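Asker: Okay, here's the structure, questions in a sec.
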């Protein structure tokens, strides 16, 4: 009996350990990346690892609920404050997606749908959810994971010194990062449970990344109306990201050194493209709206919502402006990524 559960126990145990280590080291998206790396290592070492579908669904639902918590009661009024800037951000996202995915297809021989998900300018968890939940689409999950993780890591590490050098006179003395409120564990469990039920409904409706999308929708609606305030319990969020990483790691095939080198080069190339495109358009928007260039670039750069918001505070920029743009980017990507992936696949 226990032997039949051994692959699951190995996968979950390795995922939790890796997630804890990477998060403690301060790696961007540490729980997700750490769990993926350790489960991949277990698989490469010859151990059989597996994650049941129910646990996969639970993990992606928890992530969706966490992402949806970024919506606030004043989110829509904030959108109305920055129409020109948000329109420019939309142009930036589409330009990055089209240029980067075409570079991957033309110079690295990457299939169209994989190229789109690997170069999504944000929404790492959603891109991976789309890839992991549709094995019939033959998307290279390992390629998506490596490139998306590199994007997040490079931007998180490289952007602050670049902004400080270019926009030094406008950076101010920095701010103090406020601690976001957290829902208690019972409320978090109820919210995730309701979102999981919603995920099964979304799945019946054949919506992409159904469980993550249900979490984003229900959590975002609850926070937007004002019924909820705060992210789910940190331990539940940690478990959710760890489960998602275990799912991705279990699907990794053994990656050769040459394949890893190819992925690394591709990741650096497309991340550089994303930073250049977002930087150029940010300079134009900053000049047009008389805003600090660094503030606009931090808002347009495809990094994580939390990391970019914290960066804005540390550099003395308007955190509301930055957070509004990154939440808008996340919600827009949820709408357009499946369309882009489907369109590219048909035109390939």
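In the numbering used here, the protein residues as written are 70 to 417.
Where a beta carbon is used, it is the ideal one built from N, C-alpha and C, also for glycine.
Owing to the predicted nature of the structure, the values given are computational and were not obtained by experimental measurement.
1) What alpha helix (DSSP H) runs, 4 residues minimum, are completely inside the region 243 to 288?
2) To the nearest whole angstrom, what separates the beta carbons of residue 356 and residue 390, a pair I think is in contact under 8 Å?
3) Mind reading off the beta-carbon distance from residue 84 to residue 312? Whole number of angstroms is fine, and I expect it under 8 Å.
4) Counting pairs of Cβ atoms below 8 Å between the region 110 to 130 and the region 347 to 354, do you hit three or more?
5) Measuring CB to CB, does residue 191 end up less than 7 Å from residue 285?
6) Closest to residue 157 by C-alpha separation, out of 88, 408, 405, 368, would be which residue?
7) With 16 as the cutoff for other CB atoms within 10 Å, does residue 386 come out buried or exposed?
8) Between the C-alpha atoms of residue 154 and residue 147, what's the straight-line distance to the nearest angstrom?
9) For residue 366, count neighbouring C-beta atoms within 10 Å of its own C-beta (all shown protein chains included) and say buried if the count is 16 or more, exposed if not.
10) Between the Cα of residue 381 and the Cα atoms of 397, 399, 362, which residue gives the shortest distance?
11) For residue 360, tell me which candidate among 377, 183, 320, 151 has the shortest Cα-Cα distance.
12) Using DSSP bridges, identify the partner residues of residue 300.
13) From residue 240 to residue 403, what does the alpha carbon distance come to, in whole angstroms?
14) Going by DSSP in three states, residue 362 sits in which element: helix, strand or coil?
15) Enumerate in chain order the residues of its own chain whose CB-to-CB distance from residue 161 is below 7 Å, with the five nearest sequence positions on each side excluded.
16) To the nearest angstrom, how far is the alpha carbon of residue 215 from that of residue 252?
Answerer: According to the structure data:
1) 254 to 273
2) Residue 356 to residue 390, Cβ: 16 Å. No contact.
3) 7 Å
4) The region 110 to 130 is not in contact with the region 347 to 354.
5) no
6) When each option's Cα is compared against that of residue 157, the closest is 368.
7) Classification for residue 386: buried.
8) 12 Å
9) buried
10) For the options 397, 399, 362, the alpha carbon positioned closest to that of residue 381 is the one of 362.
11) For residue 360, the nearest C-alpha among the options comes from 151.
12) 251
13) In this prediction, residue 240 scores a pLDDT of 44, lower than 50, which makes its location untrustworthy; no coordinate-derived value is stated.
14) helix
15) 346, 347, 350, 369
16) 32 Å
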